[in-house]
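Student:
Protein chains in written order, with the working numbering: chain A, 240 to 582; chain B, 240 to 582.
1. Is the beta carbon of residue 417/B sitting closer than 8 Å to the one on residue 558/A?
2. So, does the CB of residue 268/B fall closer than 8 Å to a CB anywhere in chain A?
3. Considering just the uninterrupted stretch of the beta strand (DSSP E) at residue 407/A, what are its terminal residues?
4. Kindly indicate which three-state DSSP category residue 268/A falls into: helix, strand or coil?
5. Grouping DSSP H, G and I as helix and E and B as strand, with all else coil, what is residue 553/A?
6. Going along chain A, which residues have a C-beta under 9 Å from residue 580/B?
7. Report buried or exposed for residue 569/B, applying the criterion of at least 16 other Cβ atoms within 10 angstroms of its Cβ.
8. What did DSSP end up calling residue 525/B once you bin it into helix, strand or coil?
9. At 7 Å on the CB atoms, spell out the chain B contacts of residue 497/A, in chain order.
10. Just how far apart, CA to CA, sit residue 553/B and residue 293/B?
11. With a threshold of 8 Å between beta-carbons, can residue 409/A be considered close to chain B, or not?
12. Which residues in the same chain as residue 520/A place their Cβ atom closer than 8 Å to its Cβ, once the five residues preceding and following it in sequence are excluded?
13. In whole angstroms, what is the alpha-carbon distance linking residue 331/A and residue 385/B?
14. Once you ignore the five residues that flank residue 299/B on each side, which residues in its own chain have a CB closer than 6 Å to its CB?
15. To the nearest angstrom, how far is the alpha carbon of residue 549/A from that of residue 534/B?
16. Which bits of chain A does residue 253/B rub up against, with CB to CB less than 7 Å?
17. Say yes only if the C-beta of residue 518/B is nearer than 7 Å to one or more non-hydrogen atoms of the ligand ZN, and no if none qualify.
18. Residues in the same chain with beta-carbon distance under 7 Å from residue 566/B, minus the five sequence neighbours each way, listed in chain order, please.
19. So residue 470/A is in the alpha helix (DSSP H); what residue range does that whole segment cover?
20. Where does residue 338/B fall in DSSP's three states?
21. Bridge partners for residue 343/A per DSSP, in chain order?
22. To which residues of the same chain is residue 524/A closer than 6 Å at the C-beta, ignoring the five residues directly before and after it?
23. Ordered along the chain, which non-local residues of its own chain (more than five positions away) have a Cβ less than 6 Å from that of residue 362/B?
24. Does residue 504/A pass the burial test, meaning 16 or more other C-beta atoms within 10 Å, or should it be called exposed?
25. Taking the C-alpha atoms as reference points, what is the distance between residue 346/B and residue 442/B?
26. Around the Cβ of residue 261/A, are there at least 16 other Cβ atoms within 10 angstroms (buried) or fewer (exposed)?
27. Going by DSSP in three states, residue 314/A sits in which element: helix, strand or coil?
28. Kindly give me the distance between the Cβ atoms of residue 344/B and residue 312/B, rounded to whole angstroms, as I take these residues to be in contact under 8 Å.
29. With a threshold of 8 Å between beta carbons, is residue 537/B in contact with chain A?
30. Based on the DSSP output, what are the partners of residue 453/B in its beta bridges?
31. Decide if residue 382/B is buried, meaning its Cβ has at least 16 other Cβ atoms within 10 Å, or exposed.
32. Taking 8 Å as the CB-CB cut-off, is residue 508/A touching chain B?
33. Distance, Cα to Cα, residue 404/A vs residue 315/A?
34. Mind checking residue 430/B: buried by the 16 CB within 10 Å criterion, or exposed?
35. Against chain A, which members of the region 313 to 344 of chain B pass a CB distance test of less than 7 Å?
36. Is any beta-carbon of chain B found at less than 8 Å from that of residue 517/A?
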């Protein structure tokens with residue numbers, strides 16, 4: 240059973256997951272070795288290599304864990320958190336711990352081992368988002384869970400251990416610090432100004448346009464004013480909604496287009512960089528203090544962050560929480576826009 | 240002039256430092272290529288390759304920027320922050336920025352290009368700490384500066400770009416978020432319990448001993464209960480003091496011993512891992528709200544974190560602020576203690 244421990248100084252939870260230790264040198268930063276087809280657990284026909292699927296899109300029908308799928312979601316074989324068991328929050332002497340209850344799933348984006356997300360059809364990218372939406376709705380029924388993070392590690396430098404295109408989902412018994420910080424800031428801003436922080440960011444970005452990379456009817460993609468990483472991008476919905484899982488089918492396609500255009504621009508401009516993609520949606524409203532959520536429909540908006548891993552994290556970043564970024568977002572946006580025109 | 244920009248959601252400052260862009264592929268994660276002796280700017284006799292020194296220990300005397308030194312401190316050639324200019328805090332439309340005023344210095348630990356910190360004599364390690372203490376005291380006179388971070392990036396995976404052993408110092412016009420979080424937690428703990436948080440951690444660690452790696456008269460080195468990384472270590476002084484730069488010569492030698500013993504255990508047990516070392520000391524008390532510092536002599540204690548870079552930072556860590564760690568600190572401490580006995 241994985242174990243969660245709380246840092247007594249900064250209140251950060253750490254997931255201790257000894258089972259993941261058997262993964263050899265997962266972050267050793269070399270290129271990912273190509274998986275031999277006969278060993279790829281995400282290949283069509285290899286459904287038995289993974290834990291039983293929890294979701295799949297099979298346009299022609301067919302039994303679970305058989306070929307014929309376009310997207311397939313399975314539990315992670317080396318889960319950071321597990322669905323079994325009780326939380327058991329407890330003190331260990333001076334410290335706090337709880338059991339690592341949660342879920343850790345893999346969204347296999349395609350049966351094709353080399354069809355990266357930006358090379359998929361628009362409906363292919365939308366299917367991946369649809370699978371994520373469906374899993375959040377399903378897992379939201381588990382009252383032990385407070386938050387679900389959708390994320391993607393692409394390439395060895397971004398922490399991927401499998402080259403076959405996939406996205407991940409971790410459902411947690413606590414709301415993560417990074418999300419809490421955003422929620423707190425969004426609420427404070429709303430209470431002070433009676434305006435939505437994310438709407439004001441959109442307005443500021445559209446006003447100058449210097450950092451905007453792409454826009455369609457539903458979304459704006461831009462390089463944030465205080466980007467942590469060179470070519471970092473944020474995709475923000477134009478419609479106010481705290482919950483990604485409330486997104487309509489039509490808006491999923493528009494979100495898919497924004498993701499695809501940004502990733503394609505990276506491929507053209509930056510020679511296929513490794514990247515992390517993060518989707519921040521609101522937590523499930525399970526707090527015993529419901530007033531904490533009273534304005535969330537107005538103050539918080541779900542969004543996507545894409546972080547190319549061209550630079551790293553070193554002592555300065557760990558020691559301060561600040562980042563040193565050599566590339567201004569105005570320059571980055573300019574390069575990405577050109578890549579979209581010429582790419 | 241580097242520029243600092245504030246993230247409007249989480250309040251994090253980002254340092255935009257376009258000059259650093261000329262450093263080729265600094266974080267590409269390959270092994271560091273060995274520097275050819277004729278190109279090593281930190282070698283004895285190459286004093287003219289670096290900006291003029293701001294500090295040096297020359298036991299036989301001698302002019303600045305000439306051979307004969309044991310430790311030498313020079314401005315970074317590619318500084319993230321610069322000493323020239325005014326802060327100029329200002330709004331840019333909706334956003335906040337300021338000039339990147341500060342200092343970025345390199346502590347060349349030794350004239351020998353391959354003499355890593357843990358292979359130095361105890362007095363050699365103490366000299367490096369002495370240089371850091373001296374630079375903090377000097378820079379503390381600049382009223383624009385609020386905080387100084389001492390850190391060390393060892394190896395390419397930890398963000399180093401030069402193999403010649405060195406430590407870095409960045410002086411900043413703002414107190415970093417990570418430090419603010421620790422200060423806030425320490426103060427809240429003290430006000431609530433009338434006890435020092437770090438003293439209570441020391442007591443908890445010494446009570447079980449499971450995570451303690453090394454102890455001498457001045458310091459305890461242990462693997463924290465909620466370690467972010469496998470084999471992470473914390474070195475905590477036994478004496479209450481918020482300020483590293485108030486440490487006595489005798490205590491510097493004891494701190495040097497603790498650092499050296501932990502790094503040597505890494506070398507033995509983990510095959511010379513890349514690592515980051517971070518020294519967290521209190522900010523200069525320049526706040527316009529002096530009451531914020533009224534209890535700092537009792538509530539905050541300076542300390543050192545050492546983070547081996549065996550695992551990386553991926554989407555989950557960026558998206559949550561949590562970490563997945565495959566190694567329990569009790570196991571890590573056990574391995575390190577054994578390495579100290581046998582190493």
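All C-beta atoms in this analysis are idealised placements derived from N, C-alpha and C, irrespective of residue type, glycine included.
Tutor: Here's the rundown:
1. A contact, by the Cβ cut-off of 8 Å.
2. With a pLDDT of only 48 at residue 268/B, under the threshold of 50, the placement of this residue in the model should not be trusted, and no figure is reported.
3. Bounds of the beta strand (DSSP E) holding residue 407/A are 405 to 411.
4. Any answer about residue 268/A is weak, because its pLDDT of 48 lies below 50 and its placement is not dependable; what the coordinates show is given next. Coil at residue 268/A, not helix or strand.
5. Reduced to three states, the DSSP call for residue 553/A is coil.
6. Close partners of residue 580/B in chain A (Cβ separation under 9 Å) are lacking, with about 23 Å as the shortest Cβ gap.
7. The residue is exposed, with fewer than 16 neighbouring Cβ atoms inside 10 Å.
8. Coil at residue 525/B, not helix or strand.
9. Residues of chain B passing the Cβ test: none, with the nearest at roughly 18 Å.
10. Computed Cα separation, rounded: 38 Å.
11. It does; some Cβ of chain B falls within 8 Å.
12. By the criterion of a C-beta distance shorter than 8 Å, residue 520/A is surrounded in its chain by 375, 387, 389, 481, 482, 483, 484, 541, once the five residues flanking it on both sides are discounted.
13. Residue 331/A and residue 385/B have their C-alpha atoms spaced approximately 37 Å apart.
14. The beta carbon of residue 299/B sits closer than 6 Å to those of 307, all from its chain and outside the five residues before and after it, given in chain order.
15. The C-alpha of residue 534/B is placed about 42 Å away from the C-alpha of residue 549/A.
16. The answer, in chain order, is 465, 466, 467, 561, 562, 564.
17. You won't find the ligand ZN in this model; it holds no ligand whatsoever.
18. Within its own chain, the residues whose Cβ lies closer than 7 Å to the Cβ of residue 566/B, once the five positions on either side in sequence are excluded, are 469, 470, listed in chain order.
19. Neither: residue 470/A is in no alpha helix (DSSP H) and is coded neither H nor E.
20. The three-state secondary structure of residue 338/B, taken from DSSP, is strand.
21. Per DSSP, the beta bridge partners of residue 343/A are 409/A.
22. Result list for residue 524/A: 532, in chain order.
23. Nothing meets the Cβ criterion.
24. In summary, residue 504/A is buried, with 16 or more beta-carbon neighbours lying within 10 Å of its beta-carbon over all protein chains present.
25. The alpha-carbon atoms of residue 346/B and residue 442/B are separated by roughly 34 Å.
26. Its pLDDT being 44, under 50, residue 261/A is placed unreliably in this model, and the value from its coordinates should be taken loosely. Looking at its Cβ environment, which holds fewer than 16 other Cβ atoms inside 10 Å, residue 261/A is exposed.
27. Of the three classes helix, strand and coil, the one that applies to residue 314/A here is strand, per DSSP.
28. Going by Cβ atoms, the distance from residue 344/B to residue 312/B rounds to 5 Å, so yes, they are a contact pair.
29. With 8 Å as the cut-off, residue 537/B does not count as an interface residue toward chain A.
30. Paired residues: 460/B.
31. Exposed: under 16 other Cβ atoms inside 10 Å.
32. When Cβ-Cβ separations below 8 Å define contact, residue 508/A makes no contact with chain B.
33. If you take the alpha carbons of residue 404/A and residue 315/A, they lie about 14 Å apart.
34. The residue is exposed, with fewer than 16 neighbouring Cβ atoms inside 10 Å.
35. Taking 7 Å as the cut-off between beta carbons, the residues of the region 313 to 344 of chain B near chain A are 319, 332, 333, 334, in sequence order.
36. Judged by the 8 Å Cβ criterion, residue 517/A is in contact with chain B.
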